[in-house]
Amino acid sequence: MIRQIAIVSLLGLRSLKTRLWQSSVIVIGMACVIGVLLSMLSMTEGQHNAYLRTGDPRAAIVVSRGTEWEIASTLPRDQARMVLTAPGVAKDSDGAPIADMGITVAVPAIMRKSNIRQPILLRGVGAKGVMLQPTLRMVAGHMFRPGSRELIAGVRAKDQFKDMDIGSKVILPNGEWPIVGTYVTGDLLDGQLLGDAETLMPALRRKTYTTVLARLQSPAAFDSFRRALTGNPALEVEVMRVPEWNSKISKDFSAFLHVFVYGVGAILAIGALFGCFNTMYAAVGSRTQEIATLRALGYSGFAVAVSVLLEAILLSVSGALIGASIAWGLYDGVPSGFASDVFTLTVSPALFVTAVLWAIAVALLGGILPSLQAAGSTVSDALRAR
Amino acid sequence: MKYLPLVWAALRRKPVRSIVTFLSVTVAFTLFGLMIGLSATIHTIEERARADRIWVWPRFDNVPMPVTVARQIAQMPGVKKVTVMAYLQSYIGDPKNHAFVSFVDDEFGHMFTDWGPKPEQWETIRKNRMAAVIGPQFAKQYNKKVGDVLTVVAPRTNRSDGTHTWTLHVVGIGEESTQNSYPYVFGNYDYYDKSVPLADQGKMAEVDVLTADPALAPGLAQKIEQVFANSASPTQANTEKTLYGAGFGGMDVPTLTHQIAFAGLMMILFLTANVIAQSVRERRTELATLMAVGFSGWAVIALVAAEAAVICIAGAVCGSVIAAGLAAQVPSLMPRGWGMPLPTLSAAVFFWAVGSAFLLALASTALPALRLNRLDVASALAGRA
Chain A
3 MIRQIAIVSL
13 LGLRSLKTRL
23 WQSSVIVIGM
33 ACVIGVLLSM
43 LSMTEGQHNA
53 YLRTGDPRAA
63 IVVSRGTEWE
73 IASTLPRDQA
83 RMVLTAPGVA
93 KDSDGAPIAD
103 MGITVAVPAI
113 MRKSNIRQPI
123 LLRGVGAKGV
133 MLQPTLRMVA
143 GHMFRPGSRE
153 LIAGVRAKDQ
163 FKDMDIGSKV
173 ILPNGEWPIV
183 GTYVTGDLLD
193 GQLLGDAETL
203 MPALRRKTYT
213 TVLARLQSPA
223 AFDSFRRALT
233 GNPALEVEVM
243 RVPEWNSKIS
253 KDFSAFLHVF
263 VYGVGAILAI
273 GALFGCFNTM
283 YAAVGSRTQE
293 IATLRALGYS
303 GFAVAVSVLL
313 EAILLSVSGA
323 LIGASIAWGL
333 YDGVPSGFAS
343 DVFTLTVSPA
353 LFVTAVLWAI
363 AVALLGGILP
373 SLQAAGSTVS
383 DALRAR
Chain B
7 MKYLPLVWAA
17 LRRKPVRSIV
27 TFLSVTVAFT
37 LFGLMIGLSA
47 TIHTIEERAR
57 ADRIWVWPRF
67 DNVPMPVTVA
77 RQIAQMPGVK
87 KVTVMAYLQS
97 YIGDPKNHAF
107 VSFVDDEFGH
117 MFTDWGPKPE
127 QWETIRKNRM
137 AAVIGPQFAK
147 QYNKKVGDVL
157 TVVAPRTNRS
167 DGTHTWTLHV
177 VGIGEESTQN
187 SYPYVFGNYD
197 YYDKSVPLAD
207 QGKMAEVDVL
217 TADPALAPGL
227 AQKIEQVFAN
237 SASPTQANTE
247 KTLYGAGFGG
257 MDVPTLTHQI
267 AFAGLMMILF
277 LTANVIAQSV
287 RERRTELATL
297 MAVGFSGWAV
307 IALVAAEAAV
317 ICIAGAVCGS
327 VIAAGLAAQV
337 PSLMPRGWGM
347 PLPTLSAAVF
357 FWAVGSAFLL
367 ALASTALPAL
377 RLNRLDVASA
387 LAGRA
């Protein structure tokens, strides 16, 4: 049986040349579908990666209860301090907890490309704040000095916004703060500004923190850490693992993008399905006599049907790979972002796999009826056909 | 007209192929309609955005500003009217079910006539403290009707009675508004202000300013920022025009949608061209017969083109209708409480679809037409290749 399928399929492939134009419909159609789909998915994938690539599984975040965004959170000093001493927080060599009370605000900035004003996040951190960002590395200038009116900018913030270079000044309520350095972390922080929390708070006339970040003794310590905080009636806080928090805040935006991307992808795929159907139908039509001859020689209808499906899959998958490669070539690694929410467009191997699976599904659905037709034709009628 | 039966017969020759081609063209134009419709909506939104309105927010955080800021702005030269607003970030039943309530003062409805609610609905909000006018998207997502009680929970806003629960009465469902495509809820500012603890009263989240002359608006916006720069409430002020020109989080939606629509059309162009070519190949003898009985080469090509045009235009019409139907379903696909601009399937978009369909038909006939023009009638009739 396998031998039969192989022979019939090879025969079909050899005659592909004569059906070059027809067959290219599937290839080009699929390349269009997958090209468009992956170009858009590179955005969701890139954003997803940026949010979840916050490495350390021991990192936890504490914000005030019911908070949708970090900047809307308010943690009074006494509550924030209670988090530092909660059970499960890792200790530094000096015995101090590796946890940091921070403040995050949105500051208006002008985008370089469009001249449009968009908010950029300014994050004030304390003594352990930098330690909690193990990937942070200065690429130019120097680190801000605690107690002084200095800020440092992430590389992507510097690239995307005006006046974020070393020497530029950021306007805060108590005057201008110079930027003294540029850093890179490889994650979302690259689109933000950093400064000293205790100096920023009076400048912003704020008495409350927004966030406490903590490193736990182990990933497993999270549950007891959370229970201790949420069970404490003096605290009105929410405790989450950092990736969990990130996916929560990106969720609504991703939902919009997903509706858009998968909606468009599904419609395109249905179009491709019909295209595939039409092509395979025509292919079977033009091979009627050839197929009938094979059946007369004793090849089973099943082998013929499978070979038709295989051909559809081959064409569809090669189209998908072309489309995916184009999307990869155009967009993989391209920096992108929505305002200060920076990420890198990513066409990952996983997306290639998605593309191939999508192509196989389209080929199977589009090829099944033509293949049944090929298998079911009466030999005598088909041989007589012109 | 008398050749219509010929076109019809050609289409019925291979009904499966005609139907599948028609379906794929329909699908392509569904996508085309949605994409061009979305881009048309975004264009409309940018067009309609008012150059004479300025939106003022706190500059560094979303901590409410005192209403005195609004009074001070009202005194500035060039300002015609100001209106203040407070927001309530809340949910219905489950924190997943967002509800964003805007409590507006008496002036708001006069200034934002393009925001959805009708004049008499704004009037009800002014008179009835607990009234709420909801948007059609909100009504659909949460299944709310006029007369219903709307109870929302706002965990981050304290009420003077110690609870976080707000009760509103739905008195009207406003109209869909391109400028305010969110599932909106409007309430009475006074109700909000008197419900929060004394310390939080007299605060607002946003001031909107109507200027006497749109040309003065950008300068006035700058002035508003300067005046409050060193105050306890630094502000940021943007004209509505610049805010709406900023696009969706910096994403260039029109370019994106046009690219997608184009990719869809290319795919279908290829498919139809192929189908037409195939059917011309199969009917060489028939077409040659037509020529032999006196049809000119161009007449035969026109027949083939008409065949393609029937399929493409029918597909364009059906696709646009389906797109309109799908566009109406978009709000129910969004997470509850969230919205996006809906594609508008206007006459212009429809016209574009039919025009593109016609061009598509012409383009897909082009290659087979060349071949027909070179057709040697005698050998085709004899069945020689």
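Sequence order for the protein chains is A and B. Positions 3 to 388 (the numbering used here) are the ones given, in order, by the first sequence. Positions 7 to 391 (the numbering used here) are the ones given, in order, by the second sequence. Idealized CB from N, CA, C, for every residue including glycine.
> Should B/M340 and A/A257 be called a contact, given that it needs their Cβ atoms to be closer than 9 Å?
Replying inline: It is a contact, given that the beta carbons lie within the stated cut-off.
> Does DSSP put A/R60 in a helix, a strand or coil?
Replying inline: DSSP places A/R60 outside both helix and strand once states are collapsed to three, so it counts as coil.
>> Taking 9 Å as the threshold (beta carbon to beta carbon), is B/A392 in contact with chain A?
In response: What is shown of chain B runs 7 to 391, which leaves residue 392 of chain B out entirely.
> Curious, which full-length beta strand (DSSP E) runs of at least 3 residues does the region 84-139 of chain B contain?
Replying inline: Fully contained in the region 84-139 of chain B are the following beta strand (DSSP E) runs of length 3 or more, in chain order: 85-98 and 100-110.
> Is the Cβ of B/W344 closer than 9 Å to any Cβ of chain A?
Replying inline: By this cut-off, B/W344 is an interface position.
>> What does the alpha-carbon distance come out to for the pair A/G339 and B/Q78?
In response: One C-alpha to the other measures close to 37 Å.
> Which residues, in chain order, does the region 282-309 of chain A contribute to contact with chain B at a C-beta distance below 9 Å?
Replying inline: Going along the region 282-309 of chain A in chain order, one finds Y283, A284, G287 and S288 with a Cβ nearer than 9 Å to chain B.
> Going by C-alpha distance, which of A/G37, A/G131 and A/V109 is nearest A/I166?
Replying inline: The sequence given here has Met at residue 166 of chain A, not Ile. That would be A/V109, whose Cα lies nearest to the Cα of A/M166.
>> Alpha carbons only, please: which of B/L94, B/M71 and B/R59 is nearest the one belonging to B/H116?
In response: For B/H116, the nearest C-alpha among the options comes from B/R59.
> So which of A/G143, A/P148 and A/I112 has the shortest CA-CA distance to A/A155?
Replying inline: Closest in C-alpha terms to A/A155, from the list A/G143, A/P148 and A/I112, comes A/G143.
> Between A/E313 and A/G368, what straight-line distance do the alpha-carbon atoms span, to the nearest angstrom?
Replying inline: Cα-Cα distance, rounded: 12 Å.
> Name the residues in the region 335-361 of chain B whose C-beta lies less than 8 Å from a C-beta of chain A; which are they?
Replying inline: Residues passing the 8 Å Cβ filter: V336, L339, M340, P341, W344 and M346.
> Is the shortest distance between the beta-carbon of B/D67 and the beta-carbons of chain A less than 9 Å?
Replying inline: Judged by the 9 Å Cβ criterion, B/D67 is in contact with chain A.
> If you compare alpha carbons, which of B/K229, B/T171, B/V310 and B/G251 is closest to B/T241?
Replying inline: The residue with the shortest Cα to Cα distance from B/T241 is B/K229.
> Along the chain, where does the beta strand (DSSP E) that runs through B/T217 open and close?
Replying inline: Looking at the DSSP string, the run of the beta strand (DSSP E) that includes B/T217 is E212 to T217.
>> Pop quiz: A/V64 and A/S320 are said to be a contact at Cβ under 8 Å. What is the actual Cβ separation, rounded to whole angstroms?
In response: Taking C-beta atoms under 8 Å as the contact rule, A/V64 and A/S320 fail to qualify, at a distance of about 51 Å.
>> Can you determine whether any heavy atom of the ligand FAD sits closer than 8 Å to the C-beta of A/A357, and answer yes or no?
In response: Although the ligand FAD was asked about, the structure shown includes no ligands whatsoever.
>> Can you pull out the residues from the region 206-219 of chain A whose beta carbon lies closer than 8 Å to at least one beta carbon of chain B?
In response: Within the region 206-219 of chain A, those residues whose Cβ lies closer than 8 Å to any Cβ of chain B are, in chain order, L206, R207 and R208.
> In terms of alpha-carbon separation, which member of A/V27, A/G37, A/D192 and A/L12 lies closest to A/V263?
Replying inline: The shortest C-alpha separation from A/V263 is found at A/G37.
> Of the residues that make up the region 106-122 of chain A, which ones have a beta carbon closer than 8 Å to any beta carbon in chain B?
Replying inline: Within the region 106-122 of chain A, the residues whose Cβ lies closer than 8 Å to some Cβ of chain B are V107, A108, V109, P110, M113, S116, I118, R119 and Q120, listed in chain order.
> Do three or more CB pairs link the region 216-233 of chain A to the region 8-15 of chain A at distances below 8 Å?
Replying inline: Judged by Cβ distances under 8 Å, the region 216-233 of chain A makes no contact with the region 8-15 of chain A, as fewer than three pairs qualify.
>> By alpha-carbon positions, which one of B/A308, B/R56, B/K146 and B/F357 ends up nearest to B/V327?
In response: The residue with the shortest Cα to Cα distance from B/V327 is B/F357.
>> Run through chain A and tell me which residues come within less than 9 Å of B/Q207, C-beta to C-beta.
In response: Simply none; closest approach about 19 Å.
> Which residue's Cα is closest to the Cα of A/S220: A/A62, A/Q49, A/I328 and A/N51?
Replying inline: Residue A/A62 is the option with its Cα nearest to A/S220.
> What distance in whole Å lies between the Cβ atoms of A/N51 and A/T1, which are believed to be in contact at a cut-off of 8 Å?
Replying inline: Any answer about residue 1 of chain A is impossible in this case: the structure gives chain A only from 3 up to 388.
>> Closer than 8 Å is the cut-off here; do at least three beta carbon pairs connect the region 38-57 of chain B with the region 274-293 of chain A?
In response: Proximity of the region 38-57 of chain B to the region 274-293 of chain A falls short of the contact definition, fewer than three beta-carbon pairs being nearer than 8 Å.
>> For A/A365, would you say it is in contact with chain B, using Cβ-to-Cβ distances shorter than 9 Å as the test?
In response: Not closer than 9 Å to any Cβ of chain B, the Cβ of A/A365 fails to qualify, so no.
> Any residues in the region 256-268 of chain A with a beta carbon nearer than 7 Å to a beta carbon of chain B? Which ones, in chain order?
Replying inline: Within the region 256-268 of chain A, the qualifying residues are A257, F258, V261 and V266.
> The alpha helix (DSSP H) with B/G303 in it runs from where to where?
Replying inline: For B/G303, the uninterrupted alpha helix (DSSP H) segment begins and ends at G303 to L339.
> Buried or exposed: which applies to A/V141, given that a residue is buried once 16 or more other Cβ atoms fall within 10 Å of its Cβ?
Replying inline: With fewer than 16 other Cβ atoms within 10 Å, it is exposed.
> Closest to B/M41 by CA distance: which of B/S302, B/A298, B/T263 and B/S385 is it?
Replying inline: Ranking B/S302, B/A298, B/T263 and B/S385 by Cα distance to B/M41 puts B/T263 first.
> When we look at the beta-carbon of A/S11 and count the other beta-carbons within 10 Å, is it buried (16 or more) or exposed?
Replying inline: Around the beta-carbon of A/S11, 16 or more other beta-carbon atoms lie within 10 Å, marking it buried.
> Can you tell which of B/S302, B/L368 and B/L309 has the C-alpha that lies nearest to the C-alpha of B/V383?
Replying inline: Considering only alpha carbons, the answer is B/S302.
>> Check whether the region 153-167 of chain B and the region 111-131 of chain B touch, using three or more Cβ-Cβ pairs below 8 Å as the test.
In response: With the rule of 3 Cβ pairs closer than 8 Å, the region 153-167 of chain B does not count as touching the region 111-131 of chain B.
> Excluding the five sequence neighbours on either side, which residues of its own chain have a C-beta within less than 8 Å of the C-beta of A/D198, listed in chain order?
Replying inline: For A/D198, where only same-chain residues beyond five positions count, the Cβ hits under 8 Å are G126, V127, G128, F146, R147, P148, G149, S150 and E152.
> B/G343 and B/I98: beta carbons closer than 9 Å?
Replying inline: B/G343 is a Cβ neighbour of B/I98, given a cutoff of 9 Å.
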